[in-house]
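Position 317 of the sequence shown, counting from 1, maps to 317 under UniProt numbering, and the rest follow consecutively.
Report on the structure given below.
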Amino acid sequence: MSSEIEVVEETVPLKQLSGAVANGNEYGGGHHGVVGDVADDESLKNDVYTAAAYGDLEKLQRLVESEGCSLSEPDGLGYYALQWAALNNRTAAAQYIIEHGGDVHAVDHNGQTALHWSAVRGAVQVAEVLLQEGARVDAAEIYGYQITHVAAQYGQTSFLYHVVSKWNADPDLPDNDGRSPLHWAAYKGFSDCIRLLLFLDAHRGRQDKEGCTPLHWAAIRGNLEACTVLVQAGKMEDLTVTDNSGLTPEQLASEKNHRQVAFFLANARRLLEKRCDGNSRLGRFTRLRLAPFLWCIILLLLATYIQSVIMDANLPKLTAGFSFMAWFGVILASTGLVMFYRCSSKDPGYIKMNVHDPMNMKDDEPLLKIETNNPSLLAGNWSQLCATCKIVRPLRAKHCSTCDRCVEQFDHHCPWVSNCVGKRNKWDFILFLVLEVSAMLITSGVTIARIVKDPSAPSSFFPWMNYAVSHHVGAISFLIVNFFLFFGVAALTVIQASQV
Ligand SMILES: [Zn+2]
Ligand SMILES: [Zn+2]
């Protein structure tokens with residue numbers, strides 16, 4: 001067991017309690033912290049701090065203007081009226097306090113400003129007021145937490161997005177223990193926050209003073225979704241990196257008895273190991289998948305059909321109408337093959353990646369420019385962020401783990417065509433299916449009719465069976481393979497669809 005990790009796990013929540021994070025919890029049930037809990041009016045104190053917390057502007061004005069209360073002094077616990085207004089997103093009250101002597105730079109005994117408190121509940125409007133009044137976006141409290149740390153500790157993704165995109169807050173800064181907002185979001189299991197931070201190019205491999213990466217922390221706490229998001233955006237090294245006690249995230253997860261997480265991480269490591277082998281001959285072959293195999297089968301079937309059904313010398317010559325049907329099947333199958341080729345060779349609708357650093361050396365790179373007014377992000381659709389491609393993808397687009405790219409109107413990754421089926425090749429795919437299925441039905445019908453109508457075959461059943469097997473071996477094998485291919489493809493498609 002790693003004693004160091006045990007210690008860390010004990011100390012982190014304590015630190016949180018004494019840090020910025022505590023404000024919401026500690027005072028949440030008291031007078032100041034609660035939003036809208038006015039039921040217990042009698043217990044409300046007649047002071048500026050309570051008035052600020054409840055956004056009671058009238059009371060605030062009365063206290064300041066008639067009773068001469070100060071807005072620049074802290075309360076008995078050392079917290080300022082502006083902090084209470086910020087915690088509860090009381091914009092008008094905050095503005096009033098600033099205009100009447102409240103200082104946006106004032107810090108409590110933890111070194112926290114009103115801006116830190118606004119991050120606890122993601123109070124964007126009040127943060128906007130504070131920042132416009134000159135509050136420092138990079139103010140750090142005694143543990144080195146800036147507002148981005150606090151927002152990550154509380155999963156305030158919209159707040160984080162706002163202060164980073166509009167006010168250039170640093171989303172990837174270590175606190176005094178070397179932990180970045182990504183460490184905190186992973187530790188707390190806020191996966192949307194993790195998505196945004198990864199999108200903002202936060203360094204996945206950063207190790208805190210315990211040597212732990214964000215993935216270590218997600219694994220220690222058993223946050224499966226957080227691990228999934230981190231691993232999907234990650235590389236092999238993320239899974240094998242060890243902390244100061246020499247343990248990988250996977251080992252830590254199993255030590256803490258988070259079996260699902262340990263299983264997931266082990267699986268991810270195996271998959272990535274296989275993908276790293278991609279340059280070997282076997283690797284190249286597995287990437288080819290089933291397309292060449294399917295090509296061979298269809299061509300072989302067509303050849304057998306033409307030779308053993310249409311051209312068979314033992315069978316009577318085809319009538320004009322029947323001949324048309326028989327060749328029509330061949331034409332359908334061949335056109336289907338053209339569609340098959342188009343579907344597997346076309347770009348299915350890959351979305352251009354926005355990744356500047358193929359070697360993943362995040363720290364030396366300037367932050368990517370992000371769109372400040374992206375409607376999807378303003379609406380809080382964080383799942384539209386792709387941490388791997390570094391893009392805000394359109395609705396219905398998804399990241400294909402096989403191709404490792406985002407695909408527009410992603411339907412599924414089809415192993416039969418060895419390609420994704422998406423916006424640009426979905427019609428080719430549908431046409432391919434329709435043409436091949438029609439061809440299968442027509443050619444099977446023609447084959448059965450040809451065998452049954454053979455004039456030299458005996459009339460009773462068992463001798464007829466013997467005759468058919470010995471004289472029409474090609475046609476019968478064609479029928480059987482056709483049958484299995486039809487149901488095989490159908491079954492695999494159903495299995496795949498049910499797994500998505
Ligand atoms: Zn993607
Ligand atoms: Zn794909």
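Just so you know, even glycine gets a beta-carbon here, dropped at the ideal spot from N, CA and C.
Own chain residues within Cβ distance below 7 angstroms of residue i, not counting five before or after
i	result
H32	The pLDDT assigned to H32 is 41, lower than 50, so where the model puts this residue is not dependable; a value taken from the coordinates is nonetheless given after this. Counting only Cβ-Cβ distances below 7 angstroms, and skipping sequence neighbours, we find Y49, T50, A53 and W84.
V481	L301
V129	T91, A94 and Q95
D208	D177, G178, R179 and H183
Beta-carbon spacing of residue i, residue j below 9 angstroms
i	j	result
A397	A233	no
D243	H216	yes
I86	V124	The sequence given here places Ala at residue 86; Ile does not occur at that position. Contact: no.
A114	L57	no
S191	T148	no
N425	C389	no
K188	Q153	yes
G329	L431	no
G102	Y80	yes
residue 541	L182	The shown model of the chain, from 1 to 500, leaves out residue 541, and the question about it has no answer.
residue 508	P171	The requested residue 508 does not occur in the structure, where the chain is confined to residues 1 to 500.
N110	I142	yes
I297	L485	yes
T447	Y305	yes
N46	L63	yes
S401	R289	no
A291	F340	yes
L433	L196	no
F478	S308	yes
L272	K235	yes
S444	F483	yes
Distance between residue j and residue i (C-alpha atoms, nearest Å)
i	j	result
W327	L299	15 angstroms
L368	V261	The predicted position of L368 is uncertain, since its pLDDT is 48 and thus under 50; a value taken from the coordinates is nonetheless stated next. The alpha-carbon atoms of L368 and V261 are separated by roughly 31 angstroms.
N25	S158	Bear in mind that a pLDDT of 35 at N25, under 50, signals an unreliable position, so the number given afterwards is only what the model happens to contain. Roughly 21 angstroms between the two C-alpha positions.
E107	L82	Here residue 107 turns out to be Val, not Glu, going by the sequence shown. About 10 angstroms.
K453	P463	15 angstroms
E99	V120	24 angstroms
I476	W427	33 angstroms
T163	S72	Going by the sequence as given, residue 163 is Val instead of Thr. If I take the Cα positions, the gap works out to 26 angstroms.
G134	N88	20 angstroms
K346	V407	12 angstroms
P74	E250	47 angstroms
R136	S118	13 angstroms
A320	N466	30 angstroms
L200	R393	15 angstroms
V150	Q112	11 angstroms
V338	N374	40 angstroms
Q132	I97	14 angstroms
S438	R450	18 angstroms
V104	H399	43 angstroms
C69	G78	16 angstroms
W295	G211	51 angstroms
Cβ-based neighbour list, residue i, same chain, cut-off 8 angstroms, excluding 5 preceding and 5 following
i	result
A268	V231 and L239
S254	A262
Range of the contiguous beta strand (DSSP E) that encloses residue i
i	result
N419	N419 to V421
K398	K398 to C400
R405	R405 to V407
H413	H412 to C414
Start-to-end residues for the alpha helix (DSSP H) that takes in residue i
i	result
H471	F461 to H471
H149	I147 to Q153
P292	A291 to Y305
A93	T91 to E99
K188	P181 to K188
K166	T157 to W167
Y79	Counting along the chain, Y79 falls outside any alpha helix (DSSP H), and DSSP gives it neither H nor E.
C193	S191 to F199
T50	V48 to Y54
G336	A320 to S345
M236	M236 to T240
G445	K426 to V452
A119	A114 to V120
6 angstroms Cβ shell around residue i - same chain, five flanking residues per side excluded
i	result
F429	C343 and V421
G222	H258 and V261
C403	C420
A226	A186, G189, S191, I194 and A218
R206	S180
L198	A233 and A387
Kindly confirm or deny that the segment 307-325 and the segment 404-424 touch, where touching means at least three C-beta pairs closer than 8 angstroms.
-> no
Count the CB pairs spanning the segment 467-480 and the segment 375-382 that are closer than 8 angstroms, and state whether there are at least three.
-> no
For the segment 151-166 and the segment 342-350, state whether three or more C-beta atom pairs, one from each stretch, are separated by less than 8 angstroms.
-> no
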